[in-house]
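First the structure, in the form of structure tokens, and then the observations on it.
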Amino acid sequence: MPVPIPSASGAFDPGSLPRHVAEAVWRGAELGDSMSRTVSSGFAELDSELPGGGWPTHSLTELLMPQATLCEWRLLSRSIPSLMSSGGRIYLIAPPKQPHAAGLEQLGLNADQVVWIHASTPVDRLWVTEQIVKSDPAGAVLSWLPQARPEQIRRLQIHAQSCDAPVFLFRPVTALTDSSPAPLRVAVAPANGWQLEVRIPKRRGASLDEALYLAAMPGNLESVVPPRLKTVPATVAALTREEASNAWALGRVAPHPSAGQPVSH
Amino acid sequence: MLGHWAALLPIPLPASPSPIDATSLGIWALQFTPRVALVEGSVVAEVSGSARLFGGMEALHSLIEGGAAELGARIAWAPTGTSALALARHAPGEAVFDGFRAPLAKILDPLPLQAISAVSKHQPTLARVGCRTLGDVRSLPRGGLSRRFDKELLAALDQAYALRPEVYEWISLPETFHASLELTSRVETAPALLFGARRLLVQMAGWLAARRMGATAFTLRWCHDVMRAKDAGAGGELTVRTGQPTQNVEHFARLLAEHLAKVQLAAPAGDIELLATEVLPIIEESRSLIPETLRKGANTDLALERIQARLGNTCVRRPALSADHRLEWMQSWECNAQRKSSQPPYELPLPSWVLDEPLRLMERDNRPYYQGPLQLLLGPDRIEGGWWQRSGEGADARPLNVQRDYWLALSAHAGVLWVFQQRLARDQTAWFLHGHFA
Numbered sequence: 000m001p002v003p004i005p006s007a008s009g010a011f012d013p014g015s016l017p018r019h020v021a022e023a024v025w026r027g028a029e030l031g032d033s034m035s036r037t038v039s040s041g042f043a044e045l046d047s048e049l050p051g052g053g054w055p056t057h058s059l060t061e062l063l064m065p066q067a068t069l070c071e072w073r074l075l076s077r078s079i080p081s082l083m084s085s086g087g088r089i090y091l092i093a094p095p096k097q098p099h100a101a102g103l104e105q106l107g108l109n110a111d112q113v114v115w116i117h118a119s120t121p122v123d124r125l126w127v128t129e130q131i132v133k134s135d136p137a138g139a140v141l142s143w144l145p146q147a148r149p150e151q152i153r154r155l156q157i158h159a160q161s162c163d164a165p166v167f168l169f170r171p172v173t174a175l176t177d178s179s180p181a182p183l184r185v186a187v188a189p190a191n192g193w194q195l196e197v198r199i200p201k202r203r204g205a206s207l208d209e210a211l212y213l214a215a216m217p218g219n220l221e222s223v224v225p226p227r228l229k230t231v232p233a234t235v236a237a238l239t240r241e242e243a244s245n246a247w248a249l250g251r252v253a254p255h256p257s258a259g260q261p262v263s264h
Numbered sequence: 000m001l002g003h004w005a006a007l008l009p010i011p012l013p014a015s016p017s018p019i020d021a022t023s024l025g026i027w028a029l030q031f032t033p034r035v036a037l038v039e040g041s042v043v044a045e046v047s048g049s050a051r052l053f054g055g056m057e058a059l060h061s062l063i064e065g066g067a068a069e070l071g072a073r074i075a076w077a078p079t080g081t082s083a084l085a086l087a088r089h090a091p092g093e094a095v096f097d098g099f100r101a102p103l104a105k106i107l108d109p110l111p112l113q114a115i116s117a118v119s120k121h122q123p124t125l126a127r128v129g130c131r132t133l134g135d136v137r138s139l140p141r142g143g144l145s146r147r148f149d150k151e152l153l154a155a156l157d158q159a160y161a162l163r164p165e166v167y168e169w170i171s172l173p174e175t176f177h178a179s180l181e182l183t184s185r186v187e188t189a190p191a192l193l194f195g196a197r198r199l200l201v202q203m204a205g206w207l208a209a210r211r212m213g214a215t216a217f218t219l220r221w222c223h224d225v226m227r228a229k230d231a232g233a234g235g236e237l238t239v240r241t242g243q244p245t246q247n248v249e250h251f252a253r254l255l256a257e258h259l260a261k262v263q264l265a266a267p268a269g270d271i272e273l274l275a276t277e278v279l280p281i282i283e284e285s286r287s288l289i290p291e292t293l294r295k296g297a298n299t300d301l302a303l304e305r306i307q308a309r310l311g312n313t314c315v316r317r318p319a320l321s322a323d324h325r326l327e328w329m330q331s332w333e334c335n336a337q338r339k340s341s342q343p344p345y346e347l348p349l350p351s352w353v354l355d356e357p358l359r360l361m362e363r364d365n366r367p368y369y370q371g372p373l374q375l376l377l378g379p380d381r382i383e384g385g386w387w388q389r390s391g392e393g394a395d396a397r398p399l400n401v402q403r404d405y406w407l408a409l410s411a412h413a414g415v416l417w418v419f420q421q422r423l424a425r426d427q428t429a430w431f432l433h434g435h436f437a
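Quick mapping for you: the protein sequence lines, in order, are chains A and B. Following numbering that gives the first Met the number 0, the numbering of the first sequence begins with 0 at its first residue and continues without gaps. Following numbering that gives the first Met the number 0, the numbering of the second sequence begins with 0 at its first residue and continues without gaps.
Here you go:
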């Protein structure tokens with residue numbers, strides 16, 4: 000029986016690599032694999048597009064938004080409670096507005112485990128983030144860094160490599176024009192209705208061209224929003240916008256029937 | 000009879016002209032073993048009983064040697080206290096000398112007569128009979144030695160060569176800690192005090208470890224130089240507090256550095272003094288084989304303390320919830336963590352971000368505008384009350400009464416919002432933005 004000889008004389012056939020080599024080969028069209036533990040984001044569509052199937056640990060994640068305090072918790076509140084169940088804490092570093100602990104409790108984040116660190120200058124924000132990341136905290140780190148430079152992010156990324164907690168940096172979406180050493184960059188914006196539009200401009204592996212639309216209603220609204228409104232806002236929001244532009248053209252605003260609905264206590 | 004002895008001989012460090020005094024060095028060494036004695040301005044310590052506690056003799060060696068290098072002491076290891084001391088004084092070269100690397104007699108024999116003080120007393124006589132080293136003395140006939148010289152000489156020689164047991168008076172640990180240091184040069188800026196203070200911190204950590212305590216507060220005092228302005232005063236002091244009792248030198252040094260960075264010295268300082276002002280029993284980490292994962296957040300607590308030291312106490316905030324319907328008074332943020340009383344959750348949805356002050360919204364055609372027209376989804380959620388509370392004391396205090404109808408609003412650009420309309424305010428009726436469901 001002739002034995003195939005893997006010699007230089009034969010043409011190189013990428014289809015018949017030895018098995019251990021084939022497993023180690025990463026192809027450009029595939030999604031990269033994460034070396035470290037990941038934390039499920041709570042959205043199946045998003046998990047399937049993130050390397051390793053979730054938010055990475057031992058690495059930075061940049062979340063880019065058109066404005067601050069827009070949809071942070073709608074994106075993260077499904078993954079963070081699992082990190083806090085084992086006694087971890089969530090560190091909010093220099094958020095632009097005051098967090099509301101009672102509202103966070105309704106999302107499943109225990110108020111005792113929330114730590115808000117106030118820092119006003121960009122230098123202090125970076126220093127605090129670095130100190131917290133370096134100390135390898137249990138839980139999650141959320142830091143708002145509107146004015147960080149790439150070399151500063153690189154420094155954080157190096158410290159994050161020894162941090163066994165996900166580190167999220169919130170930056171304005173305009174930061175996309177600059178390069179960033181963070182291995183994962185996710186742009187988030189509210190889409191029509193209760194959806195979030197998620198794009199992944201940078202990840203390990205092939206880039207993702209089209210946007211993902213995640214159904215992300217704030218967790219504490221799901222029980223009070225009637226089914227009728229769970230779909231309505233998409234069309235109405237479009238309608239009002241259209242109406243407004245017409246109204247400008249006409250020079251008057253058409254009276255709008257309120258879509259409000261009383262809440263029963 | 001053979002033990003495992005360390006002899007520590009104080010030597011001057013570049014940071015300070017005066018070497019550490021033997022008593023402080025002895026107190027520091029008490030953390031490793033209770034058998035510590037002061038002999039002729041040096042410290043001898045017997046550590047064979049502590050090897051297991053510190054994870055083996057090698058680990059113990061490196062711990063003691065590292066500490067001794069920081070405090071400024073030469074160290075020698077030997078099977079007896081007298082020989083360890085002799086080696087620390089007269090061993091050639093390096094700062095650490097291991098007397099276990101060859102038989103004891105072979106190491107001791109080439110040492111000069113001054114190495115053991117009982118022998119050096121008779122040095123002129125011994126030198127005249129041609130003895131230059133301890134080995135020469137040892138080879139003289141014992142009978143003649145004991146007749147011609149006092150019995151201490153033979154006893155000291157026998158003790159050094161481990162032929163006779165040694166007797167020491169062990170020192171005991173003081174109840175309180177204070178240590179002082181004279182600086183090499185006058186220090187004009189407060190952060191530079193840290194270089195000198197570090198040695199004192201190492202001493203304090205040794206005392207704390209020996210007492211099985213942790214410090215929750217320590218005070219650094221500095222004395223101004225005599226050449227000072229009249230209004231500068233005699234000195235100053237700085238008290239540093241820690242959240243948890245700790246013995247960690249690195250943590251002490253970092254906290255002290257953050258605090259010293261804010262201090263302005265009124266005059267150059269020449270001496271510093273360190274006191275452990277508040278100490279509490281410490282829960283020590285288990286040195287078990289299986290690593291503990293429960294203590295993972297400990298480093299982060301230290302980091303939070305450093306952040307508080309640099310940015311001020313109020314910058315690290317923990318929420319405290321209280322039973323109130325009004326959004327502003329439902330929570331407060333406090334700097335020290337405390338357990339909240341368990342409360343039933345508020346039934347209606349609450350936003351995850353609130354504004355410090357409600358933002359008055361523009362209105363167009365009786366409808367609120369915020370980055371475009373707002374679409375009111377759900378409401379009204381009526382919140383009333385607060386007549387019992389006033390904003391401060393005095394004539395300008397106004398009641399913190401609210402009469403509001405809260406609505407859940409949706410904006411195309413700003414997401415889901417929590418807005419309210421002021422009720423019963425006559426011409427003050429207006430829409431306000433109060434929170435974000437982000």
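Quick reminder that beta carbons are idealized off the backbone N, C-alpha and C, glycines included.
Going by other Cβ atoms of all chains shown within 10 Å of its Cβ, with 16 needed for buried, is A:P50 buried or exposed?
By the 10 Å Cβ count, A:P50 comes out buried.
Would the region 229-247 of chain B count as touching the region 150-160 of chain B if we require 3 or more Cβ pairs under 8 Å?
Too few Cβ pairs lie closer than 8 Å, so no.
Flag this pair as touching only if the region 407-425 of chain B and the region 364-379 of chain B have three or more C-beta atom pairs under 8 Å; answer yes or no.
A contact exists between the region 407-425 of chain B and the region 364-379 of chain B.
Do the region 89-105 of chain B and the region 74-81 of chain B meet, that is, are 3 or more Cβ pairs less than 8 Å apart?
A contact is defined here as three or more CB-CB pairs under 8 Å, and the region 89-105 of chain B meets this definition with respect to the region 74-81 of chain B.
Would you say A:K96 reaches chain B, if we count a Cβ-Cβ gap shorter than 8 Å as a contact?
At a cut-off of 8 Å between beta carbons, A:K96 contacts chain B.
Who are the Cβ neighbours of B:F148 in its own chain at under 6 Å, not counting the five residues just before and after it?
If we look at B:F148 and ignore the five residues flanking it on each side, its Cβ neighbours are H121.
Could you spell out the range, first to last residue, of the beta strand (DSSP E) harbouring B:K120?
B:K120 -> no beta strand (DSSP E), and no H or E assigned at all.
Rounded to whole angstroms, how far is the Cβ of B:Y167 from the Cβ of B:A36, which I believe are closer than 8 Å?
Approximately 4 Å separates the beta-carbon atoms of B:Y167 and B:A36; this is inside 8 Å, confirming the contact.
State the DSSP-derived secondary structure class of B:C314, mapped to helix, strand or coil.
In the structure shown, B:C314 adopts helical secondary structure according to DSSP, grouped into three states.
With 8 Å as the threshold, decide whether the Cβ of A:H68 is near any Cβ in chain B.
Looking at the sequence itself, residue 68 of chain A is Thr, so the reference to His does not match. With its beta carbon less than 8 Å from one in chain B, A:T68 belongs to the interface.
Using a Cβ-Cβ cutoff of 8 Å, what residues of the region 103-128 of chain A are near chain B? List them in chain order.
Cβ contacts with chain B come from L103, E104, Q105, L106, A110, D111, V113, V114, W115, I116, H117, A118, D123, W126, V127.
Let me know the alpha helix (DSSP H) ranges lying completely inside the region 111-177 of chain B, each 4 residues or longer, listed in chain order.
Counting only runs of 4 or more residues that sit fully inside the region 111-177 of chain B, the alpha helix (DSSP H) segments are 116-119, 122-127, 133-137, 141-147, 150-159, in chain order.
Going along the chain, which residues of the region 412-429 of chain B sit with their C-beta nearer than 8 Å to a C-beta in chain A?
When CB distances to chain A are screened at a threshold of 8 Å, the residues of the region 412-429 of chain B falling below it are H412, A413, G414, V415, in chain order.
Please give the ranges of any alpha helix (DSSP H) in the region 122-203 of chain A, keeping only runs that are unbroken, at least 4 residues long and fully inside the region.
Complete alpha helix (DSSP H) runs here, min 4: 149-159.
Whole-angstrom distance between B:L153 and B:P140, CA atom to CA atom
Those two C-alpha atoms are separated by around 11 Å.
Within the continuous beta strand (DSSP E) that includes A:R88, where are the two ends?
According to the DSSP assignment, A:R88 belongs to the beta strand (DSSP E) that extends over 88-92.
Residues of chain B with CB closer than 8 Å to the CB of A:D12, please, in chain order.
Correct list: empty, because the minimum Cβ distance to chain B is about 48 Å.
Give, in chain order, every unbroken run of the alpha helix (DSSP H) that is at least 4 residues long and sits entirely within the region 31-107 of chain A.
The region 31-107 of chain A contains these whole alpha helix (DSSP H) runs: 43-48, 71-75, 79-83, 100-105.
Just how far apart, CA to CA, sit B:M212 and B:E277?
Rounded to the nearest angstrom, the gap between the Cα atoms of B:M212 and B:E277 is 10 Å.
Hey, is B:T299's beta-carbon within less than 8 Å of any beta-carbon in chain A?
Closer than 8 Å to some Cβ of chain A, the Cβ of B:T299 qualifies, so yes.
Determine, using beta carbons only, whether B:L84 and B:V38 come nearer to each other than 8 Å.
Their beta carbons are under 8 Å apart, which means B:L84 touches B:V38 by this criterion.
According to the Cβ coordinates, are A:L82 and A:G138 closer than 8 Å?
Result yes, Cβ atoms of A:L82 and A:G138 sit closer than 8 Å.
Output, in chain order, the set of chain B residues within a Cβ distance shorter than 8 Å of A:Q194.
Ordered by position in chain B, no residue passes the 8 Å Cβ test against A:Q194, which lies about 11 Å from the chain.
Please report the straight-line C-alpha distance between A:W72 and A:A205, rounded to a whole angstrom.
If you draw a straight line from the Cα of A:W72 to the Cα of A:A205, it comes to about 27 Å.
Taking 8 Å as the threshold (C-beta atoms), are A:P171 and A:R184 in contact?
Taking the C-beta atoms as reference points, A:P171 is found no nearer than 8 Å to A:R184.
Considering just the uninterrupted stretch of the beta strand (DSSP E) at A:I116, what are its terminal residues?
Start and end: 113-116.
Let me check one thing: in DSSP terms, what residues is B:R389 bridge-paired to?
BP columns for B:R389 point to B:P398.
The region 129-136 of chain A contacting the region 150-160 of chain A, beta-carbon criterion three pairs below 8 Å:
Touching, per the Cβ criterion.
Counting only beta-carbon separations shorter than 8 Å, does B:A437 have a partner in chain A?
Cβ-Cβ to chain A under 8 Å: yes for B:A437.
Under a CB-based cut-off of 8 Å, is A:L59 close to chain B?
Not closer than 8 Å to any Cβ of chain B, the Cβ of A:L59 fails to qualify, so no.
Span of the beta strand (DSSP E) around B:Y328
Residue identity differs from the one stated: residue 328 of chain B is Trp in this sequence, not Tyr. Neither: B:W328 is in no beta strand (DSSP E) and is coded neither H nor E.
Spell out whether any CB of chain A is found under 8 Å from the CB atom of B:R197.
No, no contact with chain A.
Residue nearest to B:Q243 in terms of C-alpha spacing, selected from B:I282, B:Y345, B:E151, B:W328
Residue B:I282 is the option with its Cα nearest to B:Q243.
Have a look at B:L8, B:F217, B:L301, B:R309 and flag the residue whose alpha-carbon is nearest the alpha-carbon of B:K261.
Comparing Cα positions, the closest option is B:R309.
Report yes if the CB atom of B:L259 is closer than 8 Å to the CB atom of B:L193, and no otherwise.
Closer than 8 Å, so yes.
Please name the residues in the region 154-173 of chain A whose beta-carbon is closer than 9 Å to at least one beta-carbon of chain B, in chain order.
Residues of the region 154-173 of chain A with a C-beta less than 9 Å from any C-beta of chain B: D163, listed in chain order.
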